[in-house]
Every structure is written in structure tokens, then in C-alpha cells.
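Data block below; observations after.
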Amino acid sequence: MLKRTKIKTLLQSEQTIAQVLVKGWVKTKRDSKDFSFIEINDGSCLKNIQVIANNTLNNYNEIKKLTTGSSVAVTGALVESAGGKQKYEIKADNIEIYGIAPEDYPLQKKGMSDEFLRTIAHLRPRTNKYGAAFRVRSRLSYAIHNFFQERGFVYVHTPIITASDCEGAGEMFQITTLDLKNPPLLPNGEIDYSKDFFGKESRLTVSGQLNGEMYACALGNIYTFGPTFRAENSNTQRHAAEFWMIEPEMAFADIYDNMDLAEDMVRYLVKDIMENCAEDLDLFEKFVDPTLKQTLSNIVDNGFARITYTEAIEIMQKSGHKFEYEPVYGIDMQTEHERFLAEEHFKRPVIVRDYPKEIKAFYMRLNDDGKTVAAMDVLVPRIGELIGGSQREERYDVLVEKIKETGMDIKNYEWYLDSRKYGTVPHAGFGLGFERMMMLVTGIANIRDTIPFPRTPKSVSF
RNA sequence: UCCGACUUAGCUCAGCGGUAGAGCAAUCGGCUGUUAACCGAUUGGUCGUUGGUUCGAAUCCGACAGUCGGAGCCA
Numbered sequence: 000m001l002k003r004t005k006i007k008t009l010l011q012s013e014q015t016i017a018q019v020l021v022k023g024w025v026k027t028k029r030d031s032k033d034f035s036f037i038e039i040n041d042g043s044c045l046k047n048i049q050v051i052a053n054n055t056l057n058n059y060n061e062i063k064k065l066t067t068g069s070s071v072a073v074t075g076a077l078v079e080s081a082g083g084k085q086k087y088e089i090k091a092d093n094i095e096i097y098g099i100a101p102e103d104y105p106l107q108k109k110g111m112s113d114e115f116l117r118t119i120a121h122l123r124p125r126t127n128k129y130g131a132a133f134r135v136r137s138r139l140s141y142a143i144h145n146f147f148q149e150r151g152f153v154y155v156h157t158p159i160i161t162a163s164d165c166e167g168a169g170e171m172f173q174i175t176t177l178d179l180k181n182p183p184l185l186p187n188g189e190i191d192y193s194k195d196f197f198g199k200e201s202r203l204t205v206s207g208q209l210n211g212e213m214y215a216c217a218l219g220n221i222y223t224f225g226p227t228f229r230a231e232n233s234n235t236q237r238h239a240a241e242f243w244m245i246e247p248e249m250a251f252a253d254i255y256d257n258m259d260l261a262e263d264m265v266r267y268l269v270k271d272i273m274e275n276c277a278e279d280l281d282l283f284e285k286f287v288d289p290t291l292k293q294t295l296s297n298i299v300d301n302g303f304a305r306i307t308y309t310e311a312i313e314i315m316q317k318s319g320h321k322f323e324y325e326p327v328y329g330i331d332m333q334t335e336h337e338r339f340l341a342e343e344h345f346k347r348p349v350i351v352r353d354y355p356k357e358i359k360a361f362y363m364r365l366n367d368d369g370k371t372v373a374a375m376d377v378l379v380p381r382i383g384e385l386i387g388g389s390q391r392e393e394r395y396d397v398l399v400e401k402i403k404e405t406g407m408d409i410k411n412y413e414w415y416l417d418s419r420k421y422g423t424v425p426h427a428g429f430g431l432g433f434e435r436m437m438m439l440v441t442g443i444a445n446i447r448d449t450i451p452f453p454r455t456p457k458s459v460s461f
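Position 125 of the first sequence, counted from 1, bears residue number 124 in numbering that gives the first Met the number 0, the numbering being contiguous throughout.
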């Protein structure tokens, strides 16, 4: 019994093969007088393989009805192509039709807008561009694991469901099994969450960081890589309600170790994709971002600029550039500021560190100046913030004070504080938005086109 | 959530006060080792929803919804 060979393998073949079996979907068909050209794609690579179907095939009348999107199994000889544009083609001995795609098949042979393709997100992976995007996505995931595993980081699965309602990173989705039309109530009229599934209010995680820190303070270096949820009503090209985040955490590390890791990781990932997804990147450069390879090479070759927040403000003030919001010390950086630094001033990724404590999260380590915290953001051209991280506050008393200042309930953070109470160590980590990394390596402008079935406000179809 | 634009055939768009048009797709036919093939014909739309102005609205005004772009939140 002949086994199926992937098209990618056939196209890389050193020689012709007497008999092969390919299975896939019809991309396009052109009929000639006595035979048909059928291009088949099976998702293994960008390229199709051309099949020659002669009218001597016993089911040629059926084969002539094949439409774009139909599925087939083709048996035949892999031969040198008589036509110009491809090395090999298959002379079919037999074509089995699995399923015809009726005339309302929505994918056309010509270009379709990303906006339209989002409305058929279940079929868009069959297009060249989305097929390429999701092959890259797979490779990028693999490369992330490789990067950390090669460095001895332990992969930790942090929980998706959490009861700490204030991780400080945004609005959260509540989850419940209570009957929303008729919830159990306390005497004071409030909802009685002791009757809920977990016995208390629970939500979807906005970050695995606090859990990750606990494992770093045991296993040394760890990373998480999993789904993350934000219930913010964000309507931008770079926000999704459900996305994947990578969060490494290193014990016995400071903010400089953290910056080194972030830079090494981004450059490693870009290099890996350039080496392993070259054909797909060609497509993105041709149809999505003509400067893509130049951008990626720049990242791999040149390294990142590193400045402090204070220096960043000074650079902008002295630049003579007209900002809508004047850069003055103490403000949170606007998108226009981030883009100016990465795109115009440095023309490459830049890491900004040591932000005023007022504009950053409670767990970030207070610097000796008493004014700033050891936070660092990696800003990249076009996308803005790719990575946000910090050295964590390891001093018990300082951390308790910060939690109180923020107005949070210490009781909810006792488990977190235990890591500082029992053998505290300096440690640091960051969060990388996986889809933003996808945007960086593919040039795709909208985050909705980097994730198979995007979840954004007013959109949960599929 | 705020600001702006947009919503007309399956897709991309034109029409901007007198009851709808193109290209592509699809369907049918022709031609050709073709390759986002080519040529011809055909089919296809209560112009986002809902109020209003008007003799008459796809076209003007309002509300709502959705989409896109920018901003905020951040990954």
C-alpha cells in the first residue's frame, strides 16, 4: 500500500519517482483539450504541485468538475515538468475525489482583503498568506521552547484560572457556574460566591508571573508559555482579549541579566525564523512588508540600544521633534514616544529601563535613588512595546509597603510574600507577547491575523 | 472607552436626490503544456438596521449596530 508523501518532500526530491501518492486541496485547475492541469496544496509548504490529469483517466468526467477547494488523492509518477515554472509535476494514474467544493466556496484565486478573510477565519488557513503565517507560528513556538530549553530553563504550566483579582495588569474575565439569572444571595443582597464552583470569585489569568516567580524561587530559571486573557475594551491592531504570552523568570538575576536575556531571545527567534521559514518570509516580504528582511537582519546583526527612562526623555526633548504630548519626566510614555525612539532616533529595537515608580507595577524593585524602579521595556519599530519586564522587589518590608500604598489587600498576597519571607533572592523576568513577536517576524500589521481564531471585543465567532 | 472614516452583487469598488453599475469570482461554451491562463455568453443586489426630511432617498439628517484607522489600557 502506497503511503502519502507530503508535497514539501516531493519538491525537494533529488530525482523523479515512479510512483507517489499525494493528498490535498485543489488550488486551481486549467483544462486543456485532452487533459487538465490541477494544482494541489497540502499545507506542508507554500508551493503547490502540478498534476497532469489525462482524459484517459476512467473518472475524467468527474475530474473535470473539480473546483478550487476540492479535496483529492492523486497517485502517479513524479516527473520532470515539461512546462516552464516548476521542476516537477505528477502524471496522474489515478485521482480519487474526496469532496467537491461547491460553487459558493468563498476563497478566490485572486487577492482577498484581510478584513474579509477574518469573517471566514475557519477557511483562511487555506490561503497562501495564512498558511504561511501559521507555519511560522508553529516554528516560532518551537523556537521559543528551544531557546529556553537550550539554556536550562524549566517550562512551568501556571494556572489559567485564578482567584487573585488584582494582578495589576488589567481587567479580567470572571468565570462562574452560578445561574446568572438567579444567583444565590447573601443577606445583604450581594452574590454569595461561597456557592460558586471554587467557593470564591474566580477569573481568567492576566499573567502567570506571580506563580512563575514562586517556581523560579525553587527551580532557578523557568519560563511559562500559555494563554492569557485581558477583558480590556481595546480596539487596536496590537491587542487581543485572548493571546499567548511567554514569561521567563530568573532567580539570582538583576535587571541587566534580564535585558541580556530579552535581547538574546528576540535575536535568536528572528534568526531561527529567517533560517527555517525562508520561503514563507519571501511571501511576507512580497505581499505584506517590502522592508521585512531588512528589518529582521537589522535586529539580528545590530543589537539593541539601551537607555534609561531619564535619558529617553532627554533625547526626545533635545530632538527638536514635535510631539503631540510633550515628553517631560514623570509621564508614561506614549506610543508616539516609543515609536520615535525605536523608528527614528535609534532605528532599531531599544530597551528603556528605570522608570519612575509611580507609573509602574507594585512588584518592581525600587532603585537606590528611591524614585525609580528596575523596570525595562523592549520597544521595536512599528509595534512599540514587545516586552515588558523588571527586576522584582525581593525585600519583604519594601514589598509590603508597596502593596499597602497601592491599596491592595495584603491577605490576598500572603502566599506571594512567602517567597520573600523564606529565603528571598534577587530575581527578574519579563513578559513577551507571542502574537506581537509574530507581527515582528512576519510583518503582519494586525494581531487578529497572527492568531488562528482571534478574540477581540464583540468578536468570538468560530 | 474616546476621536475619525466606512458599511451598495460572493469579493473589490463606482454611483451622491428621480426606483442600481464595473472589474473579478461563479455558471455555461470555446481555445490553448497551461500556470493569479485567454476569448465569448449568462447569472447575480428589498444599496447595514431603523426613524425622519422630500412628490420621490443608495444618495440629505438622526439613532443604533458592525468594521477599519488613530488614541488610551498593555503583551
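We put the beta carbon where it would ideally sit given N, CA and C, even for glycine.
Distance cut-off 7 Å: residue i Cβ against heavy atoms of the ligand NAD
i: T371; result: The ligand NAD is absent from the structure shown, which contains no ligands of any kind.
Contact under 8 Å by Cβ, residue i with residue j
i: I48; j: V21; result: yes
i: R347; j: M258; result: no
i: V287; j: I443; result: yes
i: I99; j: L65; result: yes
i: Q390; j: I306; result: no
i: I94; j: V71; result: yes
i: I382; j: R435; result: yes
i: A142; j: I51; result: no
i: I160; j: S201; result: yes
i: R136; j: N275; result: no
i: Y324; j: E335; result: yes
i: L10; j: T74; result: no
i: G428; j: G211; result: yes
i: F34; j: N57; result: no
i: Y87; j: S12; result: yes
i: G169; j: E246; result: no
i: K199; j: L177; result: no
Counted within 10 angstroms of its Cβ, other Cβ atoms place residue i as buried (16 or more) or exposed
i: W243; result: buried
i: G430; result: buried
i: H238; result: buried
i: D105; result: Per the sequence shown, the amino acid found at residue 105 is Pro instead of Asp. Under this definition P105 is an exposed residue.
i: V269; result: buried
i: A132; result: buried
i: R364; result: buried
i: N220; result: buried
i: D448; result: buried
i: H121; result: exposed
i: K128; result: buried
i: N40; result: buried
i: V372; result: buried
i: Y328; result: exposed
i: I450; result: buried
i: T157; result: buried
Range covered by the alpha helix (DSSP H) that runs through residue i
i: G130; result: N127 to E149
i: R419; result: E413 to K420
i: I312; result: Y308 to K317
i: R435; result: F433 to T441
i: R202; result: That residue, R202, is in no alpha helix (DSSP H); its beta strand (DSSP E) goes S201 to L203.
i: F209; result: Strictly speaking, residue 209 in this sequence is Leu, with Phe absent from that position. Q208 to L218 is the extent of the alpha helix (DSSP H) around L209.
Residue interval of the beta strand (DSSP E) (run including residue i)
i: A91; result: Y87 to G98
i: I245; result: E241 to A250
i: I409; result: No beta strand (DSSP E) holds I409; DSSP gives it neither H nor E.
i: I336; result: This sequence places His at residue 336; Ile is not what is there. Where H336 is concerned, there is no enclosing beta strand (DSSP E), although the alpha helix (DSSP H) it sits in stretches over T334 to R338.
i: R347; result: Here R347 belongs to no beta strand (DSSP E), and DSSP marks it neither H nor E.
i: L295; result: Segment L291 to N301 is the alpha helix (DSSP H) holding L295; no beta strand (DSSP E) there.
Supposed contact pair residue j and residue i - C-beta distance, whole angstroms, cut 8 Å
i: F361; j: I402; result: 6 Å
i: P380; j: A341; result: 5 Å
i: A261; j: A215; result: That pair is no contact at about 16 Å.
i: F303; j: I350; result: 5 Å
i: E337; j: E413; result: About 36 Å; that fails the 8 Å criterion.
i: L45; j: D256; result: About 39 Å separates the two Cβ atoms, so there is no contact after all.
i: Y415; j: P355; result: Actually they do not touch by this definition, with Cβ atoms about 24 Å apart.
i: G130; j: G42; result: 6 Å
Identified DSSP bridge partners for residue i
i: N53; result: F34
i: R3; result: L20
i: A374; result: S389
i: M363; result: R391
i: R381; result: Answer is none; R381 lacks a bridge partner.
i: E79; result: Y87
i: V73; result: V21 and I94
i: P355; result: T371
i: G428; result: E248 and S389
i: P226; result: W243
i: S458; result: T455
i: Q173; result: R202
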